[in-house]
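Sequence order for the protein chains is A, B and C.
According to the numbering used here, the first sequence is numbered sequentially starting from 1.
According to the numbering used here, the second sequence is numbered sequentially starting from 181.
According to the numbering used here, the third sequence is numbered sequentially starting from 345.
Working notes, beginning with the structure itself.
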Amino acid sequence: MPFSVYTSKLAQAVNWARKFSLFEYPFVTACCGMEFMATWAPKYDIARFGAELPRFSPRQADLLIVVGTITERQGPVLRRIYDQMCEPKWVIAYGVCASTGGFYQNYSTMPGADQVIPVDIYIPGCPPRPEQMLDALVMLQERIQKGEGHSQVVLRAERGYVAPDVAIRPDGNAKEGAGR
Amino acid sequence: MAKIILDRLLEQFVAGEILETGSQHGNEWARVAPANWRAVAQFLRDDPVTALNMFIDLTCVDRLGRKPRFDVVMHLYSVDEKHRVRLLAGLPEDDPSIDSVVVLWPGANWFEREAFDLYGVRFAGHPDLRRILMYPEFVGHPLRKDFPKEGRQPLLRRLPGSVD
Amino acid sequence: MDERAPSQTARRVVIGLGDAANLPEADELPTESMPLNMGPSHPAMHGTVRMVLEVDGEKIRSVDVQIGFLHRCFEKEAENATWTQIFPYTDRLNYVSPMLCNVGYALAVEKLLDIDGRIPERAQFIRVIVGEISRITDHLTCLAASAMELAAFTVFFYLMKAREWFWELLEEVSGARLTHSYVRIGGVVADLTDDFCPKLRDVLRRCRAAIADADKLLTGNRIFRDRMDGIAIITRDDAIGWGLTGPVGRSAGLDYDVRKDHPYLVYDRFDFDVPVGSKGDNFDRYAVRLEEMRQSMRILEQAMERLPAGPVLLDDARVALPPKREVYNTIESMIAHFKLIMDGIVVPPGEIYSFTEGGNGELGFYIVSDGTGQPWKCRVRPPCFANLAVLNKILPGLFIADIVPTFGMINMIGGECDR
Numbered sequence: 001m002p003f004s005v006y007t008s009k010l011a012q013a014v015n016w017a018r019k020f021s022l023f024e025y026p027f028v029t030a031c032c033g034m035e036f037m038a039t040w041a042p043k044y045d046i047a048r049f050g051a052e053l054p055r056f057s058p059r060q061a062d063l064l065i066v067v068g069t070i071t072e073r074q075g076p077v078l079r080r081i082y083d084q085m086c087e088p089k090w091v092i093a094y095g096v097c098a099s100t101g102g103f104y105q106n107y108s109t110m111p112g113a114d115q116v117i118p119v120d121i122y123i124p125g126c127p128p129r130p131e132q133m134l135d136a137l138v139m140l141q142e143r144i145q146k147g148e149g150h151s152q153v154v155l156r157a158e159r160g161y162v163a164p165d166v167a168i169r170p171d172g173n174a175k176e177g178a179g180r
Numbered sequence: 181m182a183k184i185i186l187d188r189l190l191e192q193f194v195a196g197e198i199l200e201t202g203s204q205h206g207n208e209w210a211r212v213a214p215a216n217w218r219a220v221a222q223f224l225r226d227d228p229v230t231a232l233n234m235f236i237d238l239t240c241v242d243r244l245g246r247k248p249r250f251d252v253v254m255h256l257y258s259v260d261e262k263h264r265v266r267l268l269a270g271l272p273e274d275d276p277s278i279d280s281v282v283v284l285w286p287g288a289n290w291f292e293r294e295a296f297d298l299y300g301v302r303f304a305g306h307p308d309l310r311r312i313l314m315y316p317e318f319v320g321h322p323l324r325k326d327f328p329k330e331g332r333q334p335l336l337r338r339l340p341g342s343v344d
Numbered sequence: 345m346d347e348r349a350p351s352q353t354a355r356r357v358v359i360g361l362g363d364a365a366n367l368p369e370a371d372e373l374p375t376e377s378m379p380l381n382m383g384p385s386h387p388a389m390h391g392t393v394r395m396v397l398e399v400d401g402e403k404i405r406s407v408d409v410q411i412g413f414l415h416r417c418f419e420k421e422a423e424n425a426t427w428t429q430i431f432p433y434t435d436r437l438n439y440v441s442p443m444l445c446n447v448g449y450a451l452a453v454e455k456l457l458d459i460d461g462r463i464p465e466r467a468q469f470i471r472v473i474v475g476e477i478s479r480i481t482d483h484l485t486c487l488a489a490s491a492m493e494l495a496a497f498t499v500f501f502y503l504m505k506a507r508e509w510f511w512e513l514l515e516e517v518s519g520a521r522l523t524h525s526y527v528r529i530g531g532v533v534a535d536l537t538d539d540f541c542p543k544l545r546d547v548l549r550r551c552r553a554a555i556a557d558a559d560k561l562l563t564g565n566r567i568f569r570d571r572m573d574g575i576a577i578i579t580r581d582d583a584i585g586w587g588l589t590g591p592v593g594r595s596a597g598l599d600y601d602v603r604k605d606h607p608y609l610v611y612d613r614f615d616f617d618v619p620v621g622s623k624g625d626n627f628d629r630y631a632v633r634l635e636e637m638r639q640s641m642r643i644l645e646q647a648m649e650r651l652p653a654g655p656v657l658l659d660d661a662r663v664a665l666p667p668k669r670e671v672y673n674t675i676e677s678m679i680a681h682f683k684l685i686m687d688g689i690v691v692p693p694g695e696i697y698s699f700t701e702g703g704n705g706e707l708g709f710y711i712v713s714d715g716t717g718q719p720w721k722c723r724v725r726p727p728c729f730a731n732l733a734v735l736n737k738i739l740p741g742l743f744i745a746d747i748v749p750t751f752g753m754i755n756m757i758g759g760e761c762d763r
């Protein structure tokens, strides 16, 4: 069955507004932060997509961009920042270090931010070009419109809505059948 | 070049305190007995000929398989004379501890904390010897050769279904 | 708020205009200081560091700077990688001036191999050129991020625009905008592109205009000066005792630049000045970095004029990969290629401490080799590790709002500090 269960017009309008006004929280740790800054810079202007405004408080943000390597020491910090955000919230893992740990396989690097928080979009690259960030943002916007972001799915399941046919799991696999 | 440093050291200290000196690839180095670490450092800083007033680096080398196992290595530089020296001291495996030089150079504070954190070398007289790069709950000293490279000690429980 | 006479304020707080020195000390009032956490995730773009402050109102009583949130185990990874595989790790040390880290590491290993006198001259000039471009991007990033944190957004955009031009150039040469891995043991991996020099001249001309714009916006700006002048003063004795080098040390009056005092590569052939500050406050650090960018541009122009022709990689099959044409056609080159990739360069046993001028100061590599294709120990002496430690001394007594420009001007790069 196609993913057409969630068709409320109001929800579509709300999602349209959400996707074009993302307030992001840039959780910047490492080198990817430089490319992140370049995406905000005039040449690859991300303001065109409505996602320019960085909110440096998680309580005011709805998009957590994990930029750079996450170490074990940073894990509780990242989890706490994620928990402080209000639903619906989305997470982009920017760079291979945030996606899978990059080429760091050692006692201190967490192999990916998705070990402790659920991630919606992974951007590979070391560091990814700004165009990849813009592509990921457009991809995320499509997901938001369809209501497929991780926290959106969880919210609907919690509120007892009819579960969608495709649910997004942290390991990235789609699970047919009942939602989470 | 910086041979004058080694000459002054050999003049000032007896053979039991300066164990060995040498020069390799343009670096002058001197191996010091651990008990005289601070005395030698203080002499090098205060002596007008050597005048090694700038603290550059302090680290530790794990020479696994050799006794003594650890080598504390310190690099000093003189801003006026523009020469530098490397001091080494061998520490045993069971109780690697040596004097702290924080009283001589405040910049040694963090470097000694790092050597303690990553190698387990204790610095007597350090005002605040605790871990600096690893978190306090970490067990072990990760840069030792017998510590596995991927010996992760997660601080936070992983999400179910996540792949390591 | 008007000043009240002391006799009327027996037990009241004196509210008045005037600077912090005139307000009564907190000891007279029953207060206690408050612990405040400026956590590892904070708006300052420079690095992830946690400062546990003990504040009394807005004034900092003491600070505990906690680093290590980006400890990516450079040394442990280096002990398990071949000598050439370490280059990508060095890129990510000081990730705003990665070429300088590449060059520093390559020089250290070349000294251990005793080939530092045989590096082709063109390769040395190219290393200087890309190194100085990296230094310019380092200072551009530092000033842009610091200005943005002080709400000077326009300066951020101007300097980011300038940085993009340099990154495009470096991308043409090395293939990557940020983490180049361009330098190899024995030279650089590929020659400059044909139109590199004309493009660089054009970029320098435009960058000079951008820096002049930023200068005009900031240097005479009353708000900027008030936030930077006289704040967080580091004395020359502090610089020597704490091991501060680079722009931070030079702003304190310590005239030490590795390029001038212990010239390496071909720096002794260029004519450039080293700006040295006098007061050691935040503004001096800003001014030193601004002027250093101009001096780096001078070096670049001289280097481009004198760039000799020739090979860019040492023609020694024990150290550098032979050209692909030879690898595919001669058996010796193929065997050399195989051994270099599988075993790594065989570096004779020994130790070396080799130092260069990184973006933040004396970037040292202390390398211990045991005679195999992998280092026994490869330590980085990070300049901003020492530079950041001095915050424990200069922050107490400042206001919380002063942390932002101070931390920005120290230019702590997380990858280098935590390695």
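Quick reminder that beta carbons are idealized off the backbone N, C-alpha and C, glycines included.
Whole-Å CB distance - residue i paired with residue j, under 8 Å assumed
i                            : j                       : result
valine 153 of chain A        : proline 124 of chain A  : Contact doesn't hold; Cβ gap of about 23 Å is too wide.
aspartate 546 of chain C     : tyrosine 502 of chain C : Their Cβ separation, rounded to whole angstroms, is 17 Å, which puts aspartate 546 of chain C and tyrosine 502 of chain C out of contact at 8 Å.
phenylalanine 540 of chain C : leucine 513 of chain C  : 7 Å
phenylalanine 23 of chain A  : leucine 53 of chain A   : 5 Å
leucine 238 of chain B       : alanine 269 of chain B  : Actually they do not touch by this definition, with Cβ atoms about 11 Å apart.
glutamate 645 of chain C     : proline 619 of chain C  : The pair is not a contact, with the Cβ atoms about 18 Å apart (cut-off 8 Å).
valine 610 of chain C        : leucine 457 of chain C  : Not quite, the Cβ-Cβ distance comes to about 19 Å (not below 8 Å), so this is no contact.
serine 280 of chain B        : glycine 300 of chain B  : Actually they do not touch by this definition, with Cβ atoms about 15 Å apart.
Classification of residue i by the beta-carbon crowding that lies within 10 angstroms, buried from 16 upward
i                            : result
valine 319 of chain B        : exposed
phenylalanine 296 of chain B : buried
leucine 562 of chain C       : buried
tryptophan 16 of chain A     : exposed
alanine 467 of chain C       : buried
arginine 264 of chain A      : Residue 264 of chain A lies beyond the stretch modelled for chain A, which goes from 1 to 180, so this question has no answer here.
proline 379 of chain C       : exposed
glutamine 204 of chain B     : exposed
phenylalanine 303 of chain B : buried
asparagine 755 of chain C    : buried
methionine 686 of chain C    : exposed
alanine 178 of chain A       : For alanine 178 of chain A, the predicted model reports a pLDDT of 39, less than 50, meaning its position is unreliable; a value from the coordinates is still stated below. Exposed, since its Cβ has fewer than 16 Cβ neighbours within 10 Å.
alanine 167 of chain A       : Annotation note: pLDDT 48 at alanine 167 of chain A (below 50); position unreliable, coordinate value reported separately. So alanine 167 of chain A counts as buried.
alanine 446 of chain C       : Before going on, a small fix: residue 446 of chain C reads as asparagine here, not alanine. Buried, by the Cβ-count rule.
valine 212 of chain B        : buried
alanine 226 of chain B       : The amino acid at residue 226 of chain B is misidentified as alanine; the sequence shows aspartate. Flag for aspartate 226 of chain B reads exposed.
alanine 495 of chain C       : exposed
isoleucine 675 of chain C    : exposed
glutamate 330 of chain B     : exposed
DSSP bridge partner residues for residue i (one or two, in chain order)
i                            : result
leucine 64 of chain A        : A:Tyr25 and A:Val91
serine 406 of chain C        : C:Glu398
lysine 721 of chain C        : C:Val712
tryptophan 209 of chain B    : B:Gly202 and B:Arg266
valine 532 of chain C        : C:Val527
threonine 71 of chain A      : A:Thr109
aspartate 460 of chain C     : BP columns for aspartate 460 of chain C are empty, so no partner.
methionine 382 of chain C    : C:Met395
isoleucine 123 of chain A    : A:Tyr94
leucine 238 of chain B       : B:Met254
serine 277 of chain B        : B:Arg302
phenylalanine 743 of chain C : C:Lys403
proline 54 of chain A        : A:Glu24
Interface residues of the segment 50-76 of chain A facing chain C [CB-CB below 7 Å]: Phe56, Thr69, Thr71, Arg73 and Gln74
By the 9 Å beta-carbon criterion, what residues does the segment 417-445 of chain C contribute toward chain B? Cys417, Glu419, Lys420, Glu421, Glu423 and Asn424
According to a CB-to-CB cut-off of less than 7 Å, which residues of the segment 15-48 of chain A neighbour chain C? Phe27, Val28, Thr29, Ala30, Cys31, Gly33, Met34, Glu35, Met37, Ala38, Ala41, Pro42 and Lys43
Considering only residues of the segment 662-717 of chain C, which uninterrupted alpha helix (DSSP H) runs meet the minimum length of 4 residues and lie entirely inside it, listed in chain order? 668-673 and 675-686
Can you check the segment 604-662 of chain C for any alpha helix (DSSP H) of at least 4 residues that lies completely inside it and give the ranges in chain order? 626-650
Just by C-beta distance, which residues in the segment 706-718 of chain C are closer than 8 Å to chain B? Glu706, Gly708, Tyr710 and Val712
Select from the segment 107-130 of chain A all residues with a C-beta closer than 8 Å to any C-beta belonging to chain C, and list them in chain order. Tyr107, Ser108, Thr109, Cys126, Pro127 and Arg129
Contact residues within the segment 308-339 of chain B, judged by C-beta distance below 9 Å to chain A: Leu313, Met314, Tyr315, Phe318, Gly320, Pro322, Phe327, Pro328, Lys329, Glu330, Gly331, Arg332, Gln333, Pro334, Leu335, Leu336, Arg337, Arg338 and Leu339
When you check each C-beta in the segment 563-586 of chain C against every C-beta of chain B, which residues fall closer than 7 Å? Ile584, Gly585 and Trp586
Output needed in chain order: residues of the segment 257-288 of chain B with a Cβ under 7 Å from some Cβ in chain C. Val259, Lys262, Arg266, Trp285, Pro286 and Gly287
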